[in-house]
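Heads up: the structure comes next, in structure tokens.
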Amino acid sequence: MLLSLFTVATPDLLPEQMLKAASDAGIQGIEWRYKGVPKDASQEEPSFWRRNLASIDPENAEEEIAKAAALTEQYGLKSIALVPYLTSGDLPATEQAFQSAHKLDASMMRVGVPGYHRSANYNELYKEAIAYLSEVQEMSRQYGVKALVETHHGTIAPSAGLALRLVSSFDPQHIGVLYDPGNMVHEGYENYRMGLELLGPYLAHVHVKNASWVPLAQQDSELETYYQAKWSPLLNGVVRWSTVLEDLAAVGYMGYLGIEDFSQSYSSAEMLKNFTQSMHSLNNQLHIGGAAG
1 MLLSLFTVAT PDLLPEQMLK AASDAGIQGI EWRYKGVPKD ASQEEPSFWR
51 RNLASIDPEN AEEEIAKAAA LTEQYGLKSI ALVPYLTSGD LPATEQAFQS
101 AHKLDASMMR VGVPGYHRSA NYNELYKEAI AYLSEVQEMS RQYGVKALVE
151 THHGTIAPSA GLALRLVSSF DPQHIGVLYD PGNMVHEGYE NYRMGLELLG
201 PYLAHVHVKN ASWVPLAQQD SELETYYQAK WSPLLNGVVR WSTVLEDLAA
251 VGYMGYLGIE DFSQSYSSAE MLKNFTQSMH SLNNQLHIGG AAG
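So for the sequence shown, our numbering puts the first residue at 1; every next one is plus one.
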């Protein structure tokens with residue numbers, strides 16, 4: 001079973017601390033968060049999306065990538081992906097990230113997808129995304145790094161079906177889908193096996209986390225009860241990971257399962273150990289061989 005860590009999930013650990021914790025937990029691959037710390041967050045407590053210590057800063061990319069690569073090798077791990085926060089259509093930033101991914105010797109990189117907020121028409125956003133991905137595909141060929149479109153709420157690719165619509169005209173060797181069932185609790189749920197069958201050769205990577213639906217503390221209507229999705233512990237949410245693993249095995253998935261737990265139920269090191277123990281336990285329960293990772 002191939003397991004990886006997206007470093008956004010360990011914000012309080014410096015790179016060497018994170019790599020040691022990942023190695024101790026039995027993780028093989030690292031997905032590096034590629035984003036700097038905002039200047040106004042430099043004195044804040046570590047957090048997932050602002051002062052994240054386990055990140056590579058694009059402004060110091062050459063130096064930090066060399067250090068990350070050396071440390072990763074030192075701990076016997078592999079840098080499998082670079083994960084930037086790109087805006088769809090921003091070709092200069094996308095190419096700079098591809099260059100960094102290539103230097104890191106990562107095989108995959110997340111690219112931009114337009115957000116959907118009910119203000120711009122989906123069809124126009126789709127056209128813009130296809131034009132962007134056409135350029136992305138050429139960059140993927142040039143740098144030897146596969147581009148990933150993530151199933152993510154708040155974008156025009158919240159589900160496997162809509163992600164496939166974005167990528168289906170491109171070569172699956174160069175553009176694939178990062179399948180994230182935890183994001184699909186928020187928006188985009190489909191039957192897991194159906195979505196995975198639909199993706200076929202475009203299924204490139206899987207993220208592992210969970211979420212649950214809870215009533216909003218502040219209700220704005222007397223007629224309806226409103227709910228929101230909140231991150232939850234890995235095996236205590238809407239996503240039934242035993243089913244996902246079974247369905248991944250059924251479609252012959254042989255790639256990594258990457259932890260991205262935002263529940264804050266454990267310390268970072270404990271969260272990594274819980275992840276590996278949970279995945280192996282479920283795998284053994286289902287009597288799955290190599291097909292689920």
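For glycine and all other residues, C-beta sits at the position ideal for the given N, C-alpha and C.
Measure from the alpha carbon of residue i to the alpha carbon of each residue in the options, then state which is nearest.
| i | options | result |
| --- | --- | --- |
| residue 241 | 211, 227, 71 | 211 |
| residue 274 | 235, 88, 151 | 235 |
| residue 116 | 104, 92, 101, 88 | 88 |
| residue 260 | 165, 209, 71, 85 | 209 |
| residue 185 | 178, 151, 174, 164 | 151 |
| residue 111 | 130, 120, 124, 123 | 130 |
| residue 46 | 272, 14, 90 | 14 |
| residue 76 | 270, 227, 27, 167 | 27 |
| residue 283 | 136, 264, 250, 271 | 250 |
| residue 138 | 166, 98, 156 | 98 |
| residue 104 | 38, 30, 86 | 30 |
| residue 140 | 74, 176, 44, 264 | 176 |
Hey, quick one: how far does the alpha helix (DSSP H) through residue i stretch, first residue to last?
| i | result |
| --- | --- |
| residue 123 | 122–143 |
| residue 71 | 61–74 |
| residue 212 | It is not in any alpha helix (DSSP H) - residue 212 instead sits in the beta strand (DSSP E) that spans 210–215. |
| residue 241 | 241–250 |
| residue 95 | 91–104 |
| residue 184 | 183–186 |
Quick check on residue i: buried or exposed, where buried means 16 or more other Cβ atoms within 10 Å of its Cβ?
| i | result |
| --- | --- |
| residue 40 | exposed |
| residue 94 | buried |
| residue 217 | exposed |
| residue 180 | buried |
| residue 62 | exposed |
| residue 246 | buried |
| residue 223 | exposed |
| residue 127 | exposed |
| residue 267 | exposed |
| residue 200 | exposed |
| residue 279 | buried |
| residue 231 | buried |
| residue 64 | buried |
| residue 147 | buried |
| residue 154 | exposed |
| residue 207 | buried |
| residue 188 | buried |
| residue 160 | buried |
Reducing DSSP to helix, strand and coil, say where residue i ends up.
| i | result |
| --- | --- |
| residue 320 | Nothing in the structure corresponds to residue 320, since the chain is present only between 1 and 293. |
| residue 293 | With a pLDDT of 39 at residue 293, under the threshold of 50, the predicted position of this residue should be treated as unreliable, though the coordinate-derived value follows. Looking at residue 293 - three-state DSSP - the assignment turns out to be coil, as it is neither helix nor strand. |
| residue 287 | coil |
| residue 157 | coil |
| residue 48 | coil |
| residue 267 | coil |
| residue 14 | coil |
| residue 218 | coil |
| residue 162 | helix |
| residue 43 | coil |
| residue 150 | strand |
| residue 238 | coil |
| residue 117 | coil |
| residue 203 | strand |
| residue 55 | strand |
For residue i, report the span of its beta strand (DSSP E) as first-last.
| i | result |
| --- | --- |
| residue 32 | 29–34 |
| residue 81 | 78–84 |
| residue 4 | 3–6 |
| residue 228 | 227–232 |
| residue 192 | Careful: residue 192 lies outside any beta strand (DSSP E), inside the alpha helix (DSSP H) at 192–199. |
| residue 257 | 257–259 |
| residue 296 | Residue 296 lies beyond the range of the chain shown here (1 to 293); nothing can be said about it. |
Under the assumption that residue i contacts residue j (Cβ atoms under 8 Å), give the Cβ distance between them as a whole number of angstroms.
| i | j | result |
| --- | --- | --- |
| residue 143 | residue 204 | Contact doesn't hold; Cβ gap of about 16 Å is too wide. |
| residue 32 | residue 107 | At roughly 12 Å, the Cβ-Cβ gap does not stay under 8 Å, so residue 32 and residue 107 are not in contact. |
| residue 294 | residue 276 | Outside the displayed range of the chain (1 to 293) lies residue 294, so it cannot be described from this structure. |
| residue 22 | residue 272 | 6 Å |
| residue 114 | residue 34 | Actually they do not touch by this definition, with Cβ atoms about 20 Å apart. |
Could you tell me if the beta carbon of residue i falls within a distance shorter than 7 Å of some heavy atom in the ligand COA?
| i | result |
| --- | --- |
| residue 170 | In terms of ligand content, the structure shown is empty, and the ligand COA therefore cannot be addressed. |
Between residue i and chain D, is there a C-beta pair that is closer than 8 Å?
| i | result |
| --- | --- |
| residue 26 | Reference to chain D is not applicable here, since this structure consists of a single protein chain. |
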